[in-house]
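Going line by line, the protein sequences match chains S and F. Mapping of the first sequence onto my numbering: position 277 corresponds to residue 302, and the numbering continues sequentially without gaps. Mapping of the second sequence onto my numbering: position 93 corresponds to residue 97, and the numbering continues sequentially without gaps. We put the CB at the ideal spot given by N, CA and C, even for glycine. What follows is a set of notes on a single structure, which appears directly below.
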Amino acid sequence: MNKIIRKIQLSDDVFQMEIEAPLIAEERKAGQFIILIVSEEFGERIPLTIAGADEEKGTITIIFQAVGDSTKELGKKSEGDYIDSLLGPLGKATHIVKYDKPVVCVGGGIGVAPLRPIVEAFKKAGNEVISIIGARNKDLLILEDEIRAYSDEVIICTDDGSYGRKDLVTAPLKEICESRDPAEVVAIGPPVMMKFCALTTKPYKVKTTVSLNTIMIDGTGMCGGCRVTVGDETKFVCVDGPEFDGHLVDFDNMINRLNTYKHQEEEHNCRIGLDSKGGEK
Amino acid sequence: KSRRAIPLQEMPSQDPLVRRNNMEEVALGYTESQVKLEAMRCLQCKNAPCISGCPVSINIPGFIAAAAEGDFEKSIGIIKESSSLPAICGRVCPQETQCMATCTVGKAEKDVMRSVQIGRIERYVADWERENDKIQVPEVAPSTGKRVAIVGSGPSGLSAAFDLRKEGHDVTVYEAFHKNGGVTVYGIPEFRLPKKIVEIEIDTLVKMGVKIVTNFLVGKTRKLTDLLEKDGFDAVYIAAGAGLPKFMGIEGENLVGVFSANEYLTRSNLMKAYDTANSRTPIYHAKKVAIFGGGNVAMDAARTAKRIGAEEVHVVYRRTEAEMPARVEEVHHAKEEGIIFDFLTNPVKILGDENGRVKGIECLKYELGEPDDSGRRRPVPIEGSNFIIDLDACIPSLGNNANPILSNSTPDLEVNKWGNIVVDENNKTSIDRIYAGGDIVLGAATVILAMGQGRHAAESINKLLKA
Ligand SMILES: Cc1cc2nc3c(=O)[nH]c(=O)nc-3n(C[C@H](O)[C@H](O)[C@H](O)COP(=O)(O)OP(=O)(O)OC[C@H]3O[C@@H](n4cnc5c(N)ncnc54)[C@H](O)[C@@H]3O)c2cc1C
Ligand SMILES: Cc1cc2nc3c(=O)[nH]c(=O)nc-3n(C[C@H](O)[C@H](O)[C@H](O)COP(=O)(O)OP(=O)(O)OC[C@H]3O[C@@H](n4cnc5c(N)ncnc54)[C@H](O)[C@@H]3O)c2cc1C
Ligand code: SF4
Ligand code: SF4
Ligand code: FES
Ligand SMILES: [Mg+2]
Numbered sequence: 026m027n028k029i030i031r032k033i034q035l036s037d038d039v040f041q042m043e044i045e046a047p048l049i050a051e052e053r054k055a056g057q058f059i060i061l062i063v064s065e066e067f068g069e070r071i072p073l074t075i076a077g078a079d080e081e082k083g084t085i086t087i088i089f090q091a092v093g094d095s096t097k098e099l100g101k102k103s104e105g106d107y108i109d110s111l112l113g114p115l116g117k118a119t120h121i122v123k124y125d126k127p128v129v130c131v132g133g134g135i136g137v138a139p140l141r142p143i144v145e146a147f148k149k150a151g152n153e154v155i156s157i158i159g160a161r162n163k164d165l166l167i168l169e170d171e172i173r174a175y176s177d178e179v180i181i182c183t184d185d186g187s188y189g190r191k192d193l194v195t196a197p198l199k200e201i202c203e204s205r206d207p208a209e210v211v212a213i214g215p216p217v218m219m220k221f222c223a224l225t226t227k228p229y230k231v232k233t234t235v236s237l238n239t240i241m242i243d244g245t246g247m248c249g250g251c252r253v254t255v256g257d258e259t260k261f262v263c264v265d266g267p268e269f270d271g272h273l274v275d276f277d278n279m280i281n282r283l284n285t286y287k288h289q290e291e292e293h294n295c296r297i298g299l300d301s302k303g304g305e306k
Numbered sequence: 005k006s007r008r009a010i011p012l013q014e015m016p017s018q019d020p021l022v023r024r025n026n027m028e029e030v031a032l033g034y035t036e037s038q039v040k041l042e043a044m045r046c047l048q049c050k051n052a053p054c055i056s057g058c059p060v061s062i063n064i065p066g067f068i069a070a071a072a073e074g075d076f077e078k079s080i081g082i083i084k085e086s087s088s089l090p091a092i093c094g095r096v097c098p099q100e101t102q103c104m105a106t107c108t109v110g111k112a113e114k115d116v117m118r119s120v121q122i123g124r125i126e127r128y129v130a131d132w133e134r135e136n137d138k139i140q141v142p143e144v145a146p147s148t149g150k151r152v153a154i155v156g157s158g159p160s161g162l163s164a165a166f167d168l169r170k171e172g173h174d175v176t177v178y179e180a181f182h183k184n185g186g187v188t189v190y191g192i193p194e195f196r197l198p199k200k201i202v203e204i205e206i207d208t209l210v211k212m213g214v215k216i217v218t219n220f221l222v223g224k225t226r227k228l229t230d231l232l233e234k235d236g237f238d239a240v241y242i243a244a245g246a247g248l249p250k251f252m253g254i255e256g257e258n259l260v261g262v263f264s265a266n267e268y269l270t271r272s273n274l275m276k277a278y279d280t281a282n283s284r285t286p287i288y289h290a291k292k293v294a295i296f297g298g299g300n301v302a303m304d305a306a307r308t309a310k311r312i313g314a315e316e317v318h319v320v321y322r323r324t325e326a327e328m329p330a331r332v333e334e335v336h337h338a339k340e341e342g343i344i345f346d347f348l349t350n351p352v353k354i355l356g357d358e359n360g361r362v363k364g365i366e367c368l369k370y371e372l373g374e375p376d377d378s379g380r381r382r383p384v385p386i387e388g389s390n391f392i393i394d395l396d397a398c399i400p401s402l403g404n405n406a407n408p409i410l411s412n413s414t415p416d417l418e419v420n421k422w423g424n425i426v427v428d429e430n431n432k433t434s435i436d437r438i439y440a441g442g443d444i445v446l447g448a449a450t451v452i453l454a455m456g457q458g459r460h461a462a463e464s465i466n467k468l469l470k471a
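Shown next as structure tokens:
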């Protein structure tokens with residue numbers, strides 16, 4: 026049982042929660058994640074990135090988008106409520122290096138949340154950090170100030186031009202690859218975005234790291250459900266990742282695998298929608 | 005003579021046509037008159053060859069004699085001198101290769117399956133104890149002031165916790181999952197081993213004062229050596245299980261619709277995905293499923309797929325029925341439930357459709373050649389015998405290798421080339437005060453062997469702490 030200390034709504038369906046988890050706060054590093062179950066009896070194990078931690082207070086921060094059944098259930102929890110189980114920190118930490126050339130951090134949508142601790146870690150290691158963050162529109166853009174705090178330069182893109190450039194994140198990324206010769210690109214966001222970021226940097230041979238969000242259960246390497254094809258090898262994202270060389274990941278296979286239960290998940294969501302009719306939205 | 009006239013008591017079971025649509029236990033257990041009759045089939049051999057077949061040397065004629073007299077309290081007492089999990093072992097032990105294999109009755113009748121049904125009697129008395137609220141919380145010795153950490157709550161960790169706590173040590177079990185029991189709760193299905201039974205075993209431990217911490221992955225939440233160096237434990241027992249699913253390495257294994265048995269069974273058992281009305285965890289609904297493998301894991305996956313609603317379930321196995329490592333009873337039950345066995349067949353490739361979903365498998369026919377190192381006749385592929393089976397899901401169920409989380413995060417911990425932790429005859433690892441046992445040492449083995457190692461390691465740790 027882990028207590029929710031603070032809850033902030035960042036946009037329509039994006040929430041930030043600070044949760045008591047002293048051991049995880051002490052051990053975690055940028056790039057790692059947790060797996061939680063909101064309520065154990067029939068609950069689902071869902072992975073979420075550790076977006077920050079306060080070792081002194083013994084808390085970690087998660088930022089999540091309520092996209093389906095379990096994340097919506099989590100979004101309904103309030104400050105003072107408990108989460109039944111929380112396991113972590115899982116996965117390997119981001120490999121942070123001090124480069125002579127700039128590091129580009131690209132985040133799309135909810136992907137800006139897992140990107141934030143990586144931006145911070147690269148900056149603290151003494152790098153020049155250029156961040157590109159994007160969202161569908163201005164209201165959906167999250168963590169702009171937090172990203173600015175650790176970036177030398179921030180480029181904002183929205184699909185509808187309601188804020189920053191009216192562009193996909195790949196447009197400024199391509200320009201930077203051409204003009205600034207970056208040492209490494211880290212891209213985190215929807216799988217399609219990561220796929221196109223990797224395709225964008227490939228001709229420039231810039232090392233490109235992506236953080237994969239495959240379907241998981243245990244998070245300990247026991248089930249193999251999170252496996253992806255990287256080069257000609259099979260890797261388990263929960264223990265070998267979540268970060269991989271974006272130029273080697275078979276994104277099409279990964280996207281197909283993410284849709285394994287799409288049909289059932291949608292049905293489940295519909296049913297839940299019906300249950301709460303008349304109640305809160 | 006008269007004993008030899010008593011017929012072997014068959015196990016009452018749920019009707020196959022009914023049970024393949026539910027998750028309830030298949031084998032219903034003997035009645036009181038049946039257990040007495042079966043117990044009377046035992047010849048009470050002076051040399052008791054059955055005992056040497058049991059990995060934890062239960063006094064088999066002893067507990068059977070008490071059962072024959074109807075003194076079930078005495079009977080369970082005798083079993084518990086050697087085994088702390090009889091309700092589990094009575095159900096899942098591969099008896100025909102262990103205690104029943106050496107039984108005189110089976111020898112005389114030239115059929116191991118006609119030996120005294122030792123496991124079924126064991127199950128009866130263990131169930132009798134539980135159902136009549138006779139489970140006693142063993143007395144715990146006065147506190148020794150010593151603390152032991154146990155990594156993993158499977159049969160091996162639980163039995164070590166039991167023995168160490170009895171000696172008066174302060175015992176904490178760390179478990180990565182949100183539930184305790186290891187493979188007995190996430191792997192072995194409800195219809196073979198009701199979860200309630202495992203829960204009650206764990207309750208007893210808690211009543212004895214064993215602390216259990218779930219959602220704690222040693223190696224990640226805390227380093228293994230930190231347990232000794234920072235958290236003040238005097239010794240550690242690693243019972244982390246095997247837990248790394250084997251795949252075949254064939255083309256198409258990452259297509260949508262290919263699941264390791266571990267994943268499929270964990271969704272169904274631990275996460276209750278079979279209960280589609282309540283569980284938030286989904287499970288793949290396929291019409292036609294193929295299971296690859298011939299062990300207990302494969303039987304469990306096949307029978308679960310049937311219960312999830314598959315119309316046709318195939319077990320694809322390279323050798324013949326005689327070489328199958330699964331318990332005979334499971335194979336028998338699987339057949340009754342309509343599982344189709346494709347022997348001397350092996351998949352070479354999984355075929356996908358335009359959406360990356362499984363649509364079939366390409367197989368090769370085999371024949372049996374010369375015996376290999378294990379004494380089993382080696383399967384040899386018949387060239388050009390390729391054929392295709394149309395289906396929409398496959399479940400490689402080839403067992404498990406050692407999970408590397410602990411060894412990767414603990415460089416000084418010696419492992420062999422398969423990743424299993426290396427231990428000496430006292431179950432001690434290469435690091436002082438750290439012991440290991442069960443599947444993480446033996447490779448995927450059995451509940452009773454894992455339990456036996458837990459007890460042996462507990463004895464070694466006890467000696468260390470009393471020195
Ligand atoms: C390492 C990792 C880190 C992540 N970090 C974050 C984060 O910081 N913030 C955030 O909002 N989201 C994050 N995600 C994604 C998050 O886990 C999913 O959005 C969530 O599991 C969806 O569950 P649901 O029941 O709400 O939705 P559903 O409607 O059940 O599923 C929606 C989609 O989410 C994916 N999904 C479903 N179940 C799982 C599962 N058990 N594990 C992983 N994906 C699943 C599938 O693609 C599915 O189609 C992360 C995923 C991974 C693997
Ligand atoms: C599907 C299936 C069917 C089987 N059927 C039979 C059968 O019929 N008869 C039989 O005798 N045997 C059977 N077996 C084998 C038997 O279950 C195992 O041999 C036995 O459970 C091993 O016990 P263990 O305690 O060593 O490990 P496990 O039961 O694997 O338990 C290990 C526990 O440790 C936890 N863990 C792992 N790493 C860590 C860590 N770093 N920190 C904290 N916790 C950790 C795991 O989550 C797990 O709960 C079957 C196995 C499977 C998979
Ligand atoms: S524990 Fe297993 S091997 Fe030993 S007597 Fe019981 S059923 Fe037989
Ligand atoms: S070998 Fe068989 S008949 Fe003899 S004592 Fe053991 S169980 Fe009884
Ligand atoms: S989530 Fe099960 S192996 Fe990665
Ligand atoms: Mg869900």
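Item to check | Ordered list of alpha helix (DSSP H) runs contained in the region 376-464 of chain F, each at least 4 residues | outcome: 409-413 and 443-446
Item to check | Limits of the alpha helix (DSSP H) - the one that Gly161 (chain F) falls within | outcome: Locating residue 161 (chain F) in the second sequence gives position 157, counting from the first residue. Counting along the chain, the alpha helix (DSSP H) containing Gly161 (chain F) begins and ends at Pro159 to Lys170.
Item to check | Members of the region 283-304 of chain F that neighbour chain S once the beta carbon cut-off is set at 9 Å | outcome: Ser283, Arg284, Thr285, Pro286, Ile287, Tyr288 and His289
Checklist entry - Taking 6 Å as the cut-off, does the CB of Val545 (chain F) come closer than this to any heavy atom belonging to ligand 4? => result Residue coverage of chain F in this structure runs from 5 to 471, which leaves residue 545 (chain F) outside it and unanswerable.
Item to check | Closest residue to Thr86 (chain S) among S:Pro216, S:Thr234, S:Ile180 and S:Arg141 (Cα-Cα distance) | outcome: Your numbering for residue 86 (chain S) matches position 61 in the first sequence. The option with the nearest alpha carbon to Thr86 (chain S) is S:Arg141.
Checklist entry - Relative to ligand 6, is the shortest distance from any of its heavy atoms to the C-beta of Asp243 (chain S) smaller than 6 Å? => result The sequence position of residue 243 (chain S) within the first sequence is 218, counting from 1. It does not: the Cβ of Asp243 (chain S) is nowhere closer than 6 Å to a heavy atom of ligand 6.
Item to check | Ranges of the alpha helix (DSSP H) found wholly within the region 8-63 of chain F, counting only runs of at least 4 | outcome: 20-23, 36-44 and 53-57
Checklist entry - Would DSSP call Ile157 (chain S) helix, strand or coil? => result For this step, residue 157 (chain S) is matched to residue 132 along the first sequence. Strand, per DSSP.
Item to check | Buried versus exposed call for Arg8 (chain F) [16 or more other C-beta atoms within 10 Å across all chains shown] | outcome: Position 4 of the second sequence holds residue 8 (chain F). With fewer than 16 other Cβ atoms within 10 Å, it is exposed.
Checklist entry - Can you name, in chain order, every residue of its own chain whose Cβ lies under 6 Å from the Cβ of Ser301 (chain S), other than the five neighbours on each side? => result For the purposes of this step, residue 301 (chain S) is taken as the residue at position 276 of the first sequence. Note that Ser301 (chain S) scores a pLDDT of 42, beneath 50, so its modelled location is shaky and nothing firm can be said.
Checklist entry - In whole angstroms, what separates the C-alpha of Cys58 (chain F) from that of Ile59 (chain S)? => result Within the second sequence, the letter at position 54 stands for residue 58 (chain F). Within the first sequence, the letter at position 34 stands for residue 59 (chain S). Computed Cα separation, rounded: 42 Å.
Checklist entry - Quick one: what's Gly297 (chain F) bridged to in DSSP? => result Indexing the second sequence from 1 puts residue 297 (chain F) at position 293. According to DSSP, Gly297 (chain F) bridges with nothing at all.
Checklist entry - Any heavy atom of ligand 1 closer than 6 Å to the Cβ of Val255 (chain S)? => result Residue numbering aside, residue 255 (chain S) sits at position 230 when the first sequence is read from its first letter. No, since every heavy atom of ligand 1 falls outside the 6 Å radius drawn around the Cβ of Val255 (chain S).
Checklist entry - Hey, out of S:Gly134, S:Leu283, S:Ser110 and S:Leu166, whose CA is closest to Cys251 (chain S)'s CA? => result In the first sequence, counting from the first residue as 1, residue 251 (chain S) sits at position 226. Of the candidates S:Gly134, S:Leu283, S:Ser110 and S:Leu166, the one whose C-alpha sits nearest the C-alpha of Cys251 (chain S) is S:Leu283.
Checklist entry - Under the rule that 16 or more other beta-carbon atoms within 10 Å means buried, what is Gly379 (chain F), buried or exposed? => result Here residue 379 (chain F) is taken as the residue at index 375 of the second sequence, counted from 1. By the 10 Å Cβ count, Gly379 (chain F) comes out exposed.
Item to check | Contiguous beta strand (DSSP E) assignments of at least 3 residues, all confined to the region 244-273 of chain F | outcome: 247-249
Next on the checklist: Please determine whether the Cβ atom of Ala52 (chain F) lies at a distance below 6 Å from any heavy atom of ligand 4.
Outcome noted: Walking along the second sequence from the start, residue 52 (chain F) turns up at place 48. At least one heavy atom of ligand 4 is nearer than 6 Å to the Cβ of Ala52 (chain F), so yes.
Checklist entry - Got a sec: which bits of the region 247-260 of chain S sit with their beta carbon under 8 Å from any beta carbon on chain F, in order along the chain? => result Met247, Cys248, Gly249, Gly250, Arg252, Val253, Thr254 and Thr259
Item to check | Supposed contact pair Met27 (chain F) and Tyr278 (chain F) - C-beta distance, whole angstroms, cut 8 Å | outcome: Taking the first residue of the second sequence as position 1, residue 278 (chain F) is located at position 274. Taking the first residue of the second sequence as position 1, residue 27 (chain F) is located at position 23. About 6 Å separates the two Cβ atoms, so the contact holds.
Next on the checklist: Quick check on this structure: which residue in F:Val60, F:Glu42 and F:Ile64 has the alpha carbon closest to the alpha carbon of Ala52 (chain F)?
Outcome noted: Mapped onto the second sequence, residue 52 (chain F) falls at position 48. Ranking the options by Cα distance to Ala52 (chain F), first place goes to F:Ile64.
Checklist entry - Does the beta-carbon of Asn25 (chain F) have 16 or more other beta-carbons within 10 angstroms, so that it is buried, or is it exposed? => result Reading the second sequence from its first residue, position 21 is the one you call residue 25 (chain F). Result: exposed.
Item to check | Residue-chain proximity (Leu48 (chain S), chain F), Cβ-Cβ < 7 Å | outcome: Here residue 48 (chain S) refers to the residue found at position 23 of the first sequence. Chain F, which has a Cβ nearer than 7 Å to the Cβ of Leu48 (chain S), makes this yes.
Item to check | Cβ-based neighbour list, Ile155 (chain S), same chain, cut-off 6 Å, excluding 5 preceding and 5 following | outcome: Here residue 155 (chain S) corresponds to residue number 130 of the first sequence, with the count starting at 1. Pro127, Val129 and Glu178, listed in sequence order.
Next on the checklist: Can you check which of these residues, F:Ser86, F:Arg95, F:Lys40 and F:Lys50, is closest to Ala70 (chain F) by C-alpha distance?
Outcome noted: Numbered from 1 along the second sequence, position 66 holds the residue referred to as residue 70 (chain F). The shortest Cα separation from Ala70 (chain F) among F:Ser86, F:Arg95, F:Lys40 and F:Lys50 belongs to F:Lys40.
Next on the checklist: I'd like the span of the alpha helix (DSSP H) that includes Ile287 (chain F), first residue to last.
Outcome noted: For the purposes of this step, residue 287 (chain F) is taken as the residue at position 283 of the second sequence. Premise fails: Ile287 (chain F) is in no alpha helix (DSSP H) and is neither H nor E.
Next on the checklist: So within the region 179-254 of chain S, which uninterrupted alpha helix (DSSP H) runs reach at least 4 residues, ignoring any that extend past its ends?
Outcome noted: 195-204 and 216-226
Checklist entry - Measuring CA to CA, which of F:Thr270, F:Thr450 and F:Gly256 is closest to Arg366 (chain F)? => result Here residue 366 (chain F) corresponds to residue number 362 of the second sequence, with the count starting at 1. One detail in the question is off: residue 366 (chain F) reads as Glu in this sequence, not Arg. Measuring from the Cα of Glu366 (chain F), the nearest candidate turns out to be F:Gly256.
Item to check | Residue interval of the alpha helix (DSSP H) (run including His337 (chain F)) | outcome: For the purposes of this step, residue 337 (chain F) is taken as the residue at position 333 of the second sequence. His337 (chain F) -> alpha helix (DSSP H) spans Val332 to Glu340.
Next on the checklist: Please confirm whether Val260 (chain F) has its beta-carbon closer than 7 Å to some beta-carbon of chain S.
Outcome noted: Taking the first residue of the second sequence as position 1, residue 260 (chain F) is located at position 256. Val260 (chain F) counts as touching chain S.
Item to check | Beta-bridge pairing of Tyr178 (chain F) - partner residues as DSSP gives them | outcome: Numbered from 1 along the second sequence, position 174 holds the residue referred to as residue 178 (chain F). BP columns for Tyr178 (chain F) point to F:Val155 and F:Val217.
Checklist entry - What does a CB cutoff of less than 6 Å around Lys32 (chain S) pick up in its chain, not counting 5 residues either side in sequence? => result The residue given as residue 32 (chain S) occupies position 7 in the first sequence. So the qualifying residues of the chain are Met42 and Glu104.
Checklist entry - Taking the C-alpha atoms as reference points, what is the distance between Ser204 (chain S) and Val253 (chain S)? => result Within the first sequence, the letter at position 179 stands for residue 204 (chain S). Within the first sequence, the letter at position 228 stands for residue 253 (chain S). Roughly 33 Å separates the two Cα atoms.
Checklist entry - Helix, strand or coil: how does DSSP classify Gln102 (chain F) here? => result As a working note, residue 102 (chain F) is residue 98 in the second sequence. Gln102 (chain F): coil per DSSP, three-state reduction.
Checklist entry - How about Val92 (chain S): is its Cβ closer than 6 Å to a heavy atom in ligand 1? => result For the purposes of this step, residue 92 (chain S) is taken as the residue at position 67 of the first sequence. Yes, since a heavy atom of ligand 1 falls inside the 6 Å radius drawn around the Cβ of Val92 (chain S).
Next on the checklist: If the criterion is Cβ atoms closer than 7 Å, does the pair Gly68 (chain S) and Arg284 (chain F) meet it?
Outcome noted: If you number the first sequence from 1, residue 68 (chain S) lands on position 43. If you number the second sequence from 1, residue 284 (chain F) lands on position 280. A contact, by the Cβ cut-off of 7 Å.
Next on the checklist: So Met27 (chain F) contacts chain S; which residues on that side make the cut at Cβ distance below 7 Å?
Outcome noted: Taking the second sequence and counting its residues from 1, the one referred to as residue 27 (chain F) is at position 23. Ordered by position in chain S, no residue passes the 7 Å Cβ test against Met27 (chain F), which lies about 15 Å from the chain.
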